Amino acid sequence: MRGLGEAGVAVETRESRLLGGRLRLIQPVRGYRAGMDAALLAAAVALKSGARAMELGCGPGAALLQTAARHPHVALVGVERDAAALALAEQNVELNGLAERVCVRGGAVADGFRALELERFDLAFANPPFFDDPGALRAPAPERAGAWMAEDGLAAWLAFLIDAVKDGGQVLMIHRADRLGDILAGLSPRAGSIRIRPIQPRADEPAKRVIVRAQRGGRAPLVMLPPLVLHDRSGAKHTAEADAILRGEAALGWD
Numbered sequence: 104m105r106g107l108g109e110a111g112v113a114v115e116t117r118e119s120r121l122l123g124g125r126l127r128l129i130q131p132v133r134g135y136r137a138g139m140d141a142a143l144l145a146a147a148v149a150l151k152s153g154a155r156a157m158e159l160g161c162g163p164g165a166a167l168l169q170t171a172a173r174h175p176h177v178a179l180v181g182v183e184r185d186a187a188a189l190a191l192a193e194q195n196v197e198l199n200g201l202a203e204r205v206c207v208r209g210g211a212v213a214d215g216f217r218a219l220e221l222e223r224f225d226l227a228f229a230n231p232p233f234f235d236d237p238g239a240l241r242a243p244a245p246e247r248a249g250a251w252m253a254e255d256g257l258a259a260w261l262a263f264l265i266d267a268v269k270d271g272g273q274v275l276m277i278h279r280a281d282r283l284g285d286i287l288a289g290l291s292p293r294a295g296s297i298r299i300r301p302i303q304p305r306a307d308e309p310a311k312r313v314i315v316r317a318q319r320g321g322r323a324p325l326v327m328l329p330p331l332v333l334h335d336r337s338g339a340k341h342t343a344e345a346d347a348i349l350r351g352e353a354a355l356g357w358d
């Protein structure tokens, strides 16, 4: 399968199946491919019927569309700066018959939320690039650079998300566990009532990821929740809890 990327260059793509096969996703064969992080982020979204939510940096739509499949009575907007990824997201929305309540549009973190000229949302979520210091890792391949390097910095992503939600609205992010301090600093003082879910590869290993939820204007104490453990020593691909979440049979709760 081939499509057109930026500047009309042909891009080889492949269709994947998510949520136990219920969702179809076309994404590039080479470069960044959405996987576990997008699935966990979507599983962590909690929305009431009739709510509106936005994903910043939606890529080809993995987390956005999984969220839509999990919440059949909400409206979603995906924002993406990369033209090739945006085109794939549009294609994936149509492919899954979700155009009535899911749309995608171009936009960049550097331009800020106001540039989108949208009403603020009930929830804004993101799986941002995990690095904002080019010296922190070996330079990624050009086709992966946009997904790995946050040129505007983590603080800019957090500010955009907070700007995007109503007073009392929620901000949700998955990121590296070692950036938790920076995430908390970026949320303060405009957002609080923070809840943190660590994601551990195994029960006896440190968390590699954290999912952080905060409320704009929230004042409740911070809560550190029990971790989600992805793998055990049984030989199964995932723990039973993680498998149910990835298949869309369970959510990543906040209690």
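Residue numbers for the sequence shown follow my numbering, so the first one is 104 and each next one is one higher.
Glycine residues also receive a C-beta, built at the ideal position from the N, C-alpha and C atoms.
Just so you know, these numbers come straight off a predicted model, no measurement behind them.
So what does DSSP say about residue i, is it helix, strand or coil?
i, result
"Met252", "Note on Met252: pLDDT 40, under 50, position unreliable in the model; no value is reported."
"Arg298", "strand"
"Glu115", "strand"
"Leu122", "coil"
"Gly284", "helix"
"Phe233", "coil"
"Arg316", "strand"
"Ala259", "helix"
"Leu264", "helix"
"Ala353", "coil"
What residue range is occupied by the uninterrupted beta strand (DSSP E) comprising residue i?
i, result
"Ala323", "Looking at the DSSP string, Ala323 is not in any beta strand (DSSP E), and its letter there is neither H nor E."
"Ala156", "155–159"
"Leu128", "126–131"
"Arg279", "268–279"
"Val180", "178–183"
For a quick check, are the C-beta atoms of residue i and residue j less than 8 Å apart?
i, j, result
"Leu226", "Leu275", "yes"
"Cys161", "Gly181", "yes"
"Leu333", "Gln303", "yes"
"Leu128", "Glu118", "yes"
"Val313", "Arg298", "no"
"Val212", "Trp260", "yes"
"Gln318", "Ala294", "yes"
Would you call residue i buried or exposed, if buried means 16 or more other Cβ atoms sit within 10 Å of its Cβ?
i, result
"Val132", "exposed"
"Ala145", "buried"
"Asp48", "Past the edges of the chain, shown from 104 to 358, lies residue 48, and the structure says nothing about it."
"Met157", "buried"
Just reading off the alpha helix (DSSP H) that residue i is part of, what are its end residues?
i, result
"Glu344", "343–349"
"Leu143", "139–147"
"Ala165", "165–173"
Say whether chain B places a C-beta atom closer than 8 Å to the C-beta of residue i.
i, result
"Arg350", "Any reference to chain B falls outside this structure, which holds one protein chain only."
Exercise. What are the uninterrupted segments assigned as beta strand (DSSP E) that are 3 or more residues long and contained completely in the stretch 195–224, given in chain order?
Worked result: 205–209
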